[in-house]
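A.B. asks: Please see the structure below; I have some questions.
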Amino acid sequence: MKQLFALISGLFFGLGLIVSGMSDPAKVLNFLDVFGTWDPSLAFVMGGAIAVTAPGFALITRRLPRPVFGGAFHLPTRNDLDPRLLSGAALFGLGWGLGGFCPGPALTALPMLATGTLVFVPFMLIGMWLARHAGQFPNIFAKGATQ
1 MKQLFALISG LFFGLGLIVS GMSDPAKVLN FLDVFGTWDP SLAFVMGGAI AVTAPGFALI
61 TRRLPRPVFG GAFHLPTRND LDPRLLSGAA LFGLGWGLGG FCPGPALTAL PMLATGTLVF
121 VPFMLIGMWL ARHAGQFPNI FAKGATQ
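With UniProt numbering as the guide, the letters of the sequence shown map in order to residues 1 to 147.
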């Protein structure tokens with residue numbers, strides 16, 4: 001049942017991305033082009049998503065002891081800004097700005113077989129793998145690291 005609900009949720013998310021036009025990298029890049037062909041529709045999509053999600057998230061996490069299809073809520077416990085968070089956000093933003101995709105829309109656009117998607121998705125997966133395994137590599141920023 002957990003996998004079925006995840007599939008249905010993913011299909012609704014993908015459908016929302018397609019209907020809103022967010023699977024089109026040109027739409028995203030136009031949002032980022034403030035002094036050119038700026039398209040504010042992405043702000044409305046994000047605002048609508050926040051307006052629906054925030055109250056629902058607050059209500060569910062207060063009313064339910066655990067998720068319906070999971071063992072526990074996995075909420076962040078840290079509230080500081082550390083270098084890993086900032087560098088990850090910067091890399092995400094650079095990838096988004098250069099490619100016009102973030103992970104959800106990239107996977108949604110993959111069946112269209114657009115050249116940009118076929119280049120972006122493999123590099124996105126490599127980046128995800130590197131991020132997951134970053135702790136296994138030597139820390140080049142550690143004090144006393146050799147050059």
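Ideal placement from N, C-alpha and C gives every residue a C-beta, glycine not left out.
In chain order, which continuous runs of the alpha helix (DSSP H) of length 4 or greater are located wholly inside the region 2–28?
C.D. replies: Those alpha helix (DSSP H) runs which fall completely within the region 2–28 and span 4+ residues are 2–20.
A.B. asks: My output table needs one value for V45: the three-state DSSP class, helix, strand or coil.
C.D. replies: In this structure, V45 counts as helix in the three-state DSSP scheme.
A.B. asks: Kindly indicate the opening and closing residues of the alpha helix (DSSP H) around W96.
C.D. replies: Segment P83 to G99, the alpha helix (DSSP H) holding W96.
A.B. asks: With 16 other CB atoms within 10 Å as the buried threshold, where does Q147 fall?
C.D. replies: The pLDDT assigned to Q147 is 48, lower than 50, so where the model puts this residue is not dependable, and the model offers no usable value.
A.B. asks: Considering only their Cβ atoms, is the gap separating I18 from T77 smaller than 9 Å?
C.D. replies: Not closer than 9 Å, so no.
A.B. asks: Please state if the CB of G88 and the CB of F101 are separated by a distance shorter than 9 Å.
C.D. replies: Contact flag unset, no.
A.B. asks: Counting beta carbon pairs with one atom in the region 22–33 and one in the region 109–129, are three or more of them shorter than 8 Å?
C.D. replies: These segments touch.
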